[in-house]
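>
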Amino acid sequence: MIRLEDVQQNPEVEVLMRKVHEYLSTMLAITHDEEHARHVASLSYRILKVLGYPEREAELAAIAGYMHDIGNVVNRYEHGRSGALIAFHLLLRMGMPPEEIATVIAAIGNHEERSGTAVSNVAAAVILADKSNVHYTRVRKEDEATFTTRDRVNYAARESYLEADPERKEIVMNLKIDTTICSVMEYFEIFMTKMLLCRRAANFLNCRFGLVINGSRFL
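Following the UniProt record's numbering, the numbering of the sequence shown begins with 1 at its first residue and continues without gaps.
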């Protein structure tokens, strides 16, 4: 049985993940590094475990969460699809059963807001974990004058965390934003498609999606 630790220690995965970080750093894009991968893996696992899904399903969510951005080694755009193909060959060589591979690569291939959708519990968990990771530490640029709107929105996020409540059947994203850097309206302008994808993902898991910014509930 292939576990998250096996994937993390695989030499091919290590090289590709390192190259993703290297290539995206040349663009000064938001970080998609080891820390982000581990965060999404851990949160994807926790979402399904808290909601009572089977251990193996949660483990597959962790694996998909860890590998979800590996396609950036090919190109920043449509990296979900290229990442799914890369993961297919890696996991097949590692000996993962085809049915589990299908679950993992579907989650990787469906995590982008432009073309993705929650096709399984694993895919839904990865979407929620990835899109909730908004934080100032992910911004590479040091000169605020060079920030894109997406940079500024991430840089304004001082705190972000996701809570899954099995009793209330609710998944809530909590944000603390420095409104001197970015207004709440700007957040919605940039991340509305992300939040809609999160809502669909939460609904797939039979939960409502909530959004709380600076203590005020918006969704």
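Beta carbons are placed, not taken as given, at the ideal position from N, Cα and C, and that holds for glycine. These numbers were taken from a predicted model, which means no experiment stands behind them.
Note down, in chain order, each residue of its chain lying with its Cβ closer than 8 Å to the Cβ of Asp151, except the 5 sequence neighbours on either side.
Within the same chain, Asp151 has close Cβ partners Ile30, Val139, Lys141.
> Going by DSSP, name the residue or residues bridged to Tyr161.
Tyr161 pairs with Asn174.
> If you compare alpha carbons, which of Ala125, Glu167, Lys169, Ala164 is closest to Ile108?
Looking at the Cα atoms, Ala125 is the closest of the given residues.
> Residues in its own chain within less than 6 Å of Thr117 by CB, not counting five upstream and five downstream?
Closer than 6 Å at the Cβ level, and outside the excluded window around Thr117, lie Asn110.
> Mind checking whether Lys169 and Arg158 have CB atoms under 8 Å apart?
For Lys169 and Arg158, no; Cβs fall outside 8 Å.
> Use the C-beta contact count for Tyr77: other C-beta atoms within 10 angstroms, 16 or more gives buried, fewer gives exposed.
With fewer than 16 other Cβ atoms within 10 Å, it is exposed.
> Would you grab the beta carbon distance between Ala58 and Leu43 for me? Rounded to a whole angstrom, and I think it's under 8 Å.
With 8 Å as the limit, Ala58 and Leu43 do not qualify as a contact, their Cβ atoms being about 11 Å apart.
> Do Leu211 and Met185 have their beta-carbon atoms positioned less than 8 Å apart in this structure?
The answer is no: Cβ separation not under 8 Å.
> Closest by CA to Ile171, which one among Ile63, Tyr155, Leu219?
Of the candidates Ile63, Tyr155, Leu219, the one whose C-alpha sits nearest the C-alpha of Ile171 is Leu219.
> Please work out which residues of its chain come closer than 7 Å, Cβ to Cβ, to Phe25, disregarding the five sequence neighbours upstream and downstream, and give them in chain order.
In the sequence on display, residue 25 carries Ser and not Phe. Excluding positions up to five away in sequence, the list reads Arg140.
> Return the Cβ separation of Asn133 and Ser115 in integer angstroms, given the expectation that the two are a contact with Cβ distance under 8 Å.
Not quite, the Cβ-Cβ distance comes to about 19 Å (not below 8 Å), so this is no contact.
> Between the Cα of His64 and those of Asn214, Thr149, Ala106, Asn154, spot the shortest distance and give me the residue it belongs to.
The sequence shown places Ala at residue 64, rather than the His named in the question. The candidate whose alpha carbon is nearest that of Ala64 is Ala106.
> Assign Met67 to buried or exposed, taking buried as 16 or more other Cβ atoms, counted over all protein chains shown, within 10 Å of its Cβ.
Result: buried.
> Distance, Cα to Cα, Ala201 vs His79?
C-alpha separation (whole angstroms): 19 Å.
> In terms of alpha-carbon separation, which member of Thr137, Gly95, Ile181, Thr193 lies closest to Glu149?
According to the sequence provided, residue 149 is Thr. The question's Glu does not apply to it. Among Thr137, Gly95, Ile181, Thr193, the Cα nearest to that of Thr149 belongs to Ile181.
> Here's the rule: buried if 16 or more other CB atoms are within 10 angstroms of the residue's CB, otherwise exposed. What is His89?
With fewer than 16 Cβ atoms within 10 Å of its Cβ, His89 is classed as exposed.
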